Each structure stands twice: as C-alpha cells, then as structure tokens.
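Going by this note's numbering, the first residue of the sequence shown is number 4, and it counts up by one from there.
Notes to accompany the following structure.
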Amino acid sequence: MSEDLAKNLQLLCSYYKSVAEVCRRLNINRPQFNRYLNATTMPSKNTLRRIGEFFGVEVEEMMLPQPQFSQLVQSRPIRQSTAQTSLTPEQKHINQLNESGQSGLSKYCGYYYEYYMSMACPGQVLRTLVDIRSQGDKTYYQRTERLNPDGVSKAFHGVYSGMVQLLSDRLFLMDYEQETHVEMTQTILYPSFQNRVVRLTGLRLGVSGSGERAPCCARVVYEYLGKSIQKKQVLSRCGLFELDSSEIEQSIVSAIRNDMKEGDWHFRAKF
4 MSEDLAKNLQ LLCSYYKSVA EVCRRLNINR PQFNRYLNAT TMPSKNTLRR IGEFFGVEVE
64 EMMLPQPQFS QLVQSRPIRQ STAQTSLTPE QKHINQLNES GQSGLSKYCG YYYEYYMSMA
124 CPGQVLRTLV DIRSQGDKTY YQRTERLNPD GVSKAFHGVY SGMVQLLSDR LFLMDYEQET
184 HVEMTQTILY PSFQNRVVRL TGLRLGVSGS GERAPCCARV VYEYLGKSIQ KKQVLSRCGL
244 FELDSSEIEQ SIVSAIRNDM KEGDWHFRAK F
C-alpha cells in the first residue's frame, strides 16, 4: 500500500512545477514529504486528508494500485489547488505541530489529578482535574479547577481547554481559560517510560490568580486516575490543601516543592 501511495503521490506532484512547490502549498516539511514519496513513511490520517483535498482526490483513491490510479487521474483534471495558501499563520503552525506531535499520545489519554503549589494562595497545594482525550487525529485536554477558599460559599469552577503534543520525548500542554479568556498556561511533562502511566512530573507556567497577576513557574505532578471516573465525585476532591493535609500523599508534596539546590542556575523539573 505504501509503495502504491508513493508512486501515486509522485504522479500527482508531476502536475506541479516541483515537489518543493507542492510542499510549500501544503505546508509540509520537504524531508518529511520525501519520505512519503520514497515509501519509507506513511502519512497520518490527517495528512492524507490534507493531501487529498489539495489534489482533489479521495484518500481511498490514493491507495489504489498505481496503474489503476494513473487511469483515474487521466480521466479527470487534477486540481491546481491554492486553498492551502489561504491558511492563517496560526493554522499553518498548528498543522506543522500536529504533523510530528500526535504519535504516541494514546497511552496518555484519560483522567488525572494535577498537583502544584497554588500561585494565588502561597503555601497551599492546588489539586485540579485534567481530562486528556483524542478527537479524530488530534489530542485535546480540559483542566478544571475547583476553588472554595472559605469553605462556606459555593465552590467556583475554572475551566481551561487546550491541546497536547508529544515532541521529542516531552509532553507539551497549552491551554486558555474558557470563560474570561484572560489567562493561558503551558505545562511540560516528562513522559512515562513504563507501559502503565502512574505519575507524570514537570513544570507549569502561568500567572497568579491574585490581583498582581505575576507570571509564575511551579513544579507539577499529574496522577493518573483511569480512562473513566465518577466525575462529580472525583471533582469534589479538588481544591486547596495545606502541605501537611492527609488528603495529599507526602511523596507528591515532595515532588512539587519549589526548592532549588545550592549552585542551581535554573529552576528545573524533578524527574
């Protein structure tokens, strides 16, 4: 199948001045596209769909045996597409990230407790609920904060949505606050090198929820809960906790302490 696809792509590219022009219009990295043409790598479903839309052929047609596909394209004109040139810079950047950052993410889908030292309430641990899931050929996540500082009034829920990429053995999560659109956060996590995901550690960058809105960086732990949960019950356990709270394992508290060793020049994640 990959050999037929490679020959079919070569035929489609022949309708353009050069392969470089096709790559430029498709916004696909030339070395990566060459691997498709040489049958050393199969494009992702998302990339196949983009290529098909660009040339005006169906994905299933591109998988046909080369002689059959050649007869097909001879019977109808190949689209000299300019659609990809209308992509915004943001869309082009996202497409490039998805091209290389989605492979291997399925094992990380599911629910997590996220722990870090609160930026708005210094000295306290904030536990939030994170839901990572795949939709089509992309991976998204939702992070929900539950805050009830005085323990009396109704709890406030802050919801953040974003995308996940796995780039060169690091998980990158970028989100924004859904309601007011006044905050973005980035989290970088070490991946799990075991078959079963238990905990992920890394750093989280954001702004404090206090009036000063100071940019802050904190160590973070993701504790895996499973593919399915009793969401209402699990979310009720989220909120602010004291460092010595029996609700939080001390191994987690140790992992999220934002201390630095003598001689450190940078604030680093704990592995």
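Note that CB positions come from ideal geometry on N, CA and C, so glycine has one too.
Everything numeric in this text was worked out from a predicted model, so none of it was measured.
Quick one: is residue i near chain C, going by C-beta distance under 8 angstroms?
i	result
Glu186	Of the chains in the structure shown, none is chain C; there is only one protein chain.
Thinking C-alpha only, which one of the options is nearest residue i?
i	options	result
Glu186	Ser211, Arg202 and Ser171	Ser211
Asn101	Gly126, Pro125, Gly139 and Cys112	Gly139
Glu64	Ala9, Ile31, Leu29 and Ser171	Ala9
Gln99	Phe36, Met263, Asp267 and Val256	Phe36
His96	Ser78, Met263, Val60 and Asn30	Asn30
Glu245	Val133, Cys124 and Thr131	Cys124
Gln127	Phe159, Asp267, Glu250 and His269	Glu250
Gln145	Gly104, Lys234, Met66 and Arg202	Lys234
Gly104	Val224, Lys141, Asp134 and Tyr111	Lys141
Val201	Leu238, Glu215 and Cys112	Cys112
Gly229	Cys16, Asp134 and Ser21	Asp134
Leu238	Ala42, His160, Lys48 and Ser21	His160
Thr190	Asn198, Asp178 and Arg199	Asp178
My guess is that residue i and residue j are in contact by the Cβ rule of under 8 angstroms, so how many angstroms apart are they, rounded?
i	j	result
Leu243	Ser121	6 angstroms
Ser106	Leu14	With 8 angstroms as the limit, Ser106 and Leu14 do not qualify as a contact, their Cβ atoms being about 27 angstroms apart.
Tyr227	Tyr115	6 angstroms
Thr204	Leu192	7 angstroms
Arg28	Phe57	7 angstroms
Leu150	Gly165	Not a contact, Cβ separation roughly 19 angstroms.
Asp7	Gln77	16 angstroms between Cβ atoms; not a contact.
Thr147	Leu132	5 angstroms
Leu206	Val224	No, Leu206 and Val224 are not in contact; Cβ-Cβ is about 11 angstroms, not under 8 angstroms.
Val167	Tyr143	7 angstroms
Phe270	Cys220	6 angstroms
Cys241	Arg130	5 angstroms
How far does the alpha helix (DSSP H) with residue i in it reach, from first residue to last?
i	result
Cys26	Val22 to Leu29
Tyr39	Arg33 to Leu40
His96	Pro92 to Gly104
Ser73	Gln69 to Gln77
Val62	Val62 to Met65
Leu15	Ser5 to Cys16
Leu51	Lys48 to Phe58
Could you give the residue range of the beta strand (DSSP E) that holds residue i?
i	result
Val177	Checking the sequence shown, residue 177 turns out to be Met, not Val. Met177 -> beta strand (DSSP E) spans Leu174 to Glu180.
Asp140	Element bounds for Asp140: n/a, residue is neither H nor E.
Gly161	Phe159 to Leu169
Going by DSSP, which residues form a beta bridge with residue i?
i	result
Asp134	Tyr114 and Gln145
Leu150	Phe159
Met120	Val128
For residue i, verify whether its CB is less than 7 angstroms away from any heavy atom of the ligand GTP.
i	result
Val25	As for the ligand GTP, it is missing from this structure, which has no ligand bound.
Check your understanding: Which residue spans inside the stretch 188–274 form an unbroken beta strand (DSSP E) run of at least 3?
Key -> For secondary structure counted as the beta strand (DSSP E) over 3 or more consecutive residues, the stretch 188–274 holds these complete runs in sequence order: 202–210, 218–229 and 242–245.
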